[in-house]
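Let me begin by presenting the structure, written as structure tokens, before commenting on it.
There are 4 protein chains.
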Amino acid sequence: MYYIDLTELAGSVPMASFTDYYTVRLHDSDAAGVVFFANVFRIAHDVYEQFLKQLGYSFPERFAAGDFIIPIAHAEADYLRPLRVGDMVEITAAVAEIGDSSFIMKFQIVDSENRLLATVKTVHVAVDGRTFHRMTLPEDFKKRLAQAADIA
Amino acid sequence: MYYIDLTELAGSVPMASFTDYYTVRLHDSDAAGVVFFANVFRIAHDVYEQFLKQLGYSFPERFAAGDFIIPIAHAEADYLRPLRVGDMVEITAAVAEIGDSSFIMKFQIVDSENRLLATVKTVHVAVDGRTFHRMTLPEDFKKRLAQAADIA
Amino acid sequence: MYYIDLTELAGSVPMASFTDYYTVRLHDSDAAGVVFFANVFRIAHDVYEQFLKQLGYSFPERFAAGDFIIPIAHAEADYLRPLRVGDMVEITAAVAEIGDSSFIMKFQIVDSENRLLATVKTVHVAVDGRTFHRMTLPEDFKKRLAQAADIA
Amino acid sequence: MYYIDLTELAGSVPMASFTDYYTVRLHDSDAAGVVFFANVFRIAHDVYEQFLKQLGYSFPERFAAGDFIIPIAHAEADYLRPLRVGDMVEITAAVAEIGDSSFIMKFQIVDSENRLLATVKTVHVAVDGRTFHRMTLPEDFKKRLAQAADIA
Numbered sequence: 001m002y003y004i005d006l007t008e009l010a011g012s013v014p015m016a017s018f019t020d021y022y023t024v025r026l027h028d029s030d031a032a033g034v035v036f037f038a039n040v041f042r043i044a045h046d047v048y049e050q051f052l053k054q055l056g057y058s059f060p061e062r063f064a065a066g067d068f069i070i071p072i073a074h075a076e077a078d079y080l081r082p083l084r085v086g087d088m089v090e091i092t093a094a095v096a097e098i099g100d101s102s103f104i105m106k107f108q109i110v111d112s113e114n115r116l117l118a119t120v121k122t123v124h125v126a127v128d129g130r131t132f133h134r135m136t137l138p139e140d141f142k143k144r145l146a147q148a149a150d151i152a
Numbered sequence: 001m002y003y004i005d006l007t008e009l010a011g012s013v014p015m016a017s018f019t020d021y022y023t024v025r026l027h028d029s030d031a032a033g034v035v036f037f038a039n040v041f042r043i044a045h046d047v048y049e050q051f052l053k054q055l056g057y058s059f060p061e062r063f064a065a066g067d068f069i070i071p072i073a074h075a076e077a078d079y080l081r082p083l084r085v086g087d088m089v090e091i092t093a094a095v096a097e098i099g100d101s102s103f104i105m106k107f108q109i110v111d112s113e114n115r116l117l118a119t120v121k122t123v124h125v126a127v128d129g130r131t132f133h134r135m136t137l138p139e140d141f142k143k144r145l146a147q148a149a150d151i152a
Numbered sequence: 001m002y003y004i005d006l007t008e009l010a011g012s013v014p015m016a017s018f019t020d021y022y023t024v025r026l027h028d029s030d031a032a033g034v035v036f037f038a039n040v041f042r043i044a045h046d047v048y049e050q051f052l053k054q055l056g057y058s059f060p061e062r063f064a065a066g067d068f069i070i071p072i073a074h075a076e077a078d079y080l081r082p083l084r085v086g087d088m089v090e091i092t093a094a095v096a097e098i099g100d101s102s103f104i105m106k107f108q109i110v111d112s113e114n115r116l117l118a119t120v121k122t123v124h125v126a127v128d129g130r131t132f133h134r135m136t137l138p139e140d141f142k143k144r145l146a147q148a149a150d151i152a
Numbered sequence: 001m002y003y004i005d006l007t008e009l010a011g012s013v014p015m016a017s018f019t020d021y022y023t024v025r026l027h028d029s030d031a032a033g034v035v036f037f038a039n040v041f042r043i044a045h046d047v048y049e050q051f052l053k054q055l056g057y058s059f060p061e062r063f064a065a066g067d068f069i070i071p072i073a074h075a076e077a078d079y080l081r082p083l084r085v086g087d088m089v090e091i092t093a094a095v096a097e098i099g100d101s102s103f104i105m106k107f108q109i110v111d112s113e114n115r116l117l118a119t120v121k122t123v124h125v126a127v128d129g130r131t132f133h134r135m136t137l138p139e140d141f142k143k144r145l146a147q148a149a150d151i152a
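Chains as they are written, first to last, in our numbering: chain A, 1 to 152; chain B, 1 to 152; chain C, 1 to 152; chain D, 1 to 152.
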């Protein structure tokens, strides 16, 4: 039930991107006065969900059908500057690579002065929703991912 | 105010490790029925906090003093198998590298059958708690990190 | 250091309200497939923070100044229908009562068909940010709360 | 699909209680330096989950079977003193009332000096896991709830 073999993630595709905005909330922060590191992943994923929605991929529908889900096999973030409560940040999500059974998303979070605060990268693999066994990305979904640049 | 220059993280030190246990909770999971990826970072950090406590490093004291805090500059995780609600997992935290102004922690999360579920890596940099400017790791803290294998 | 004496919360003021929208995210849900109950409080508070911002109250500024913060002394929620991932909900925040050193907020969360999903009520008390000792609400802030209906 | 009719929650039963401990973590806190109010609900629920486990009620099994789940219809908390990062708190969970199709849990959170920090109350209703329609509490579960005082 291993999620991933990164060796397949070879060919790169044209960059597709999607932008959203978020005001940092109190619950995102911790006693250090800045956003808790794990919440940056959540903030990026929030935008990813809106991106998928635009692509016609619905989490609840796929969970209910149990046919095709895309869990995260790898995630990483670089924290360049702290995010603070009340900050309005701009998050750009982009499809960075598309493989046979996986794809990579990259996110950039910048502040209102366009300074880079953090970057996030997530690797998603297609698995059967019931068995969690790896599967190839459905052609239709793959095509929509690749064309995302045009519709986003 | 950039947190990190990873080039300094060269020399490796003897592995210091610390183990704790956690029962996966409902709030860790999402509608896919497994733990939400960002929460794996939080679960690792929970153990890191206990580890630092044993080393005599207190978050609230350092935040109050504002003298020496150690935010995360980079974090990454590999998800091998899903964590499920009710699972009792074992988390091992280890000091992987110690630099002049930063250190690396590595975490392994295994289930009750000792199968690896996830690994997490976090890079921590020492910064002044008021200015967030980078500083060298205090000698005493550095020594305790290096000796952690003995006390953990 | 007790936060609250609810007996003072007598006089009611004209209802001031503020509305915002939220798309339920994966991280809000749990393995039951619906939003984890505690996250409904967070969703309400997210809107409260935007409301306070409009009133000119800044959390980070007040935390930094340590002069006047308004922690929650009581919170309650009624859950009428489950919130599901992808749902677009409308949250209405209203100032329900204003006392000498506290005030009450009420929130209603409805779905796109205007069905009530949940209600939340929070009681906020003014305390000194350093000592957490209770204090009277600053006149200016009290006035802005009361007039919120006009500016929101 | 309304979860609850509180009028049925009349008869009280012998108090059953269960105690657990928790060290407040960084992610529980916010930029005010104390635990974010909604997280107190989560901390109480974490203990509730351990309590149910002792009673033989498994969330994942019930979610998978879809036969009998017990969502929260009402939750409330009183915050008496702030919880701070690093605090070791003791949480006592007790079955306060058992009705035909619902039950009430009460929680007390005290610090190491036995000072009351917060109380939480949650009302749980039995619903069919697929339809979310209300149902009577299964006799066996009801009996175990009532006897909890003996096994906890």
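For each residue, glycine too, the CB sits at the ideal point set by N, CA and C. Please read all numbers here as calculations on a predicted model, not as lab measurements.
CB contact check: residue i to chain D, cutoff 8 Å
| i | result |
| --- | --- |
| Val85 (chain B) | yes |
| Arg42 (chain B) | yes |
Where residue i meets chain D, residues with beta-carbon distance less than 7 Å
| i | result |
| --- | --- |
| Phe59 (chain B) | Leu26, Val85 and Gly86 |
| His74 (chain B) | Simply none; closest approach about 18 Å. |
Cross-chain neighbours of residue i in chain B, by beta carbon under 7 Å
| i | result |
| --- | --- |
| Glu49 (chain D) | Arg25 and Leu26 |
Residue i, buried or exposed, once every other Cβ within 10 Å from all chains shown has been counted against 16
| i | result |
| --- | --- |
| Met88 (chain C) | exposed |
| Ala64 (chain C) | exposed |
| Asp28 (chain C) | buried |
| Tyr79 (chain C) | buried |
| Leu116 (chain A) | exposed |
| Ala46 (chain A) | For the sequence presented, residue 46 (chain A) should be read as Asp rather than Ala. It counts as buried. |
| His133 (chain C) | exposed |
| Pro82 (chain A) | buried |
| Pro138 (chain A) | exposed |
| Tyr21 (chain A) | exposed |
| Asp67 (chain B) | exposed |
| Ser101 (chain D) | buried |
| Asp128 (chain B) | exposed |
| Arg130 (chain B) | exposed |
| Thr49 (chain D) | The sequence given here places Glu at residue 49 (chain D); Thr does not occur at that position. By the neighbour-count rule (16 or more Cβ atoms within 10 Å), Glu49 (chain D) is buried. |
| Phe18 (chain A) | buried |
| Asp140 (chain C) | exposed |
Any C-beta of chain C under 8 Å from that of residue i
| i | result |
| --- | --- |
| Ala126 (chain B) | no |
| Asp46 (chain B) | no |
| Thr7 (chain A) | Residue placement at Thr7 (chain A) cannot be trusted, given a pLDDT of 43 that sits under 50; what the coordinates show is reported in the next sentence. No, because no Cβ of chain C sits closer than 8 Å to the Cβ of Thr7 (chain A). |
Contacts that residue i makes with chain D (C-beta to C-beta distance below 8 Å)
| i | result |
| --- | --- |
| Glu97 (chain C) | Ordered by position in chain D, no residue passes the 8 Å Cβ test against Glu97 (chain C), which lies about 17 Å from the chain. |
Chain A contact for residue i (CB, 8 Å cutoff)
| i | result |
| --- | --- |
| Phe36 (chain D) | yes |
| Ala152 (chain C) | Bear in mind that the predicted position of Ala152 (chain C) carries a pLDDT of just 44, short of 50, making it unreliable; the figure below should be weighed with that in mind. For Ala152 (chain C), the answer is no, since every Cβ of chain A falls outside 8 Å of its Cβ. |
| Asp111 (chain C) | no |
| Ala148 (chain B) | no |
Minimum Cβ-Cβ distance from residue i to chain B less than 8 Å
| i | result |
| --- | --- |
| Gly129 (chain C) | no |
| Ala93 (chain A) | no |
Neighbouring residues, chain C, relative to residue i (Cβ below 7 Å)
| i | result |
| --- | --- |
| Ala118 (chain B) | Here the premise fails: no neighbours, minimum Cβ distance about 17 Å. |
Within chain A, partners of residue i - CB distance below 7 Å
| i | result |
| --- | --- |
| Ala31 (chain D) | Leu26, Ser29, Gly33 and Val85 |
Residue i: contacting residues in chain C (beta-carbon distance under 9 Å)
| i | result |
| --- | --- |
| Lys106 (chain A) | Ordered by position in chain C, no residue passes the 9 Å Cβ test against Lys106 (chain A), which lies about 19 Å from the chain. |
Within chain A, partners of residue i - CB distance below 8 Å
| i | result |
| --- | --- |
| Ala77 (chain B) | His74, Ala75 and Glu76 |
Within chain B, partners of residue i - CB distance below 8 Å
| i | result |
| --- | --- |
| Phe63 (chain A) | Ala31, Ala32 and Gly33 |
Any non-hydrogen atom of the ligand SAM closer than 7 Å to residue i Cβ
| i | result |
| --- | --- |
| Phe103 (chain A) | Ligands displayed in this structure: none; no statement on the ligand SAM is therefore possible. |
Per-residue contacts from residue i into chain B (C-beta, under 9 Å)
| i | result |
| --- | --- |
| Lys53 (chain D) | Thr23 and Gly86 |
Q) Is the stretch 126-146 of chain C touching the stretch 42-62 of chain C in the sense that three or more CB pairs, one from each, lie closer than 8 Å? A) The stretch 42-62 of chain C vs the stretch 126-146 of chain C: in contact.
Q | Length at least 4, wholly inside the stretch 6-80 of chain D: the alpha helix (DSSP H) runs in chain order | A | 37-54 and 59-65
Q) Touch check for the stretch 27-45 of chain D and the stretch 118-128 of chain D: three-plus C-beta pairs under 8 Å? A) yes
(Q) Can you confirm whether the stretch 96-109 of chain A touches the stretch 92-106 of chain B when touching is taken to mean that 3 or more C-beta pairs between the two stretches lie within less than 8 Å? (A) Contact fails: fewer than three Cβ-Cβ distances are below 8 Å.
Q. Which ranges would you report for the beta strand (DSSP E) in the stretch 70-129 of chain B if only whole runs of at least 3 residues count?
A. 72-79, 88-98, 102-110 and 116-125
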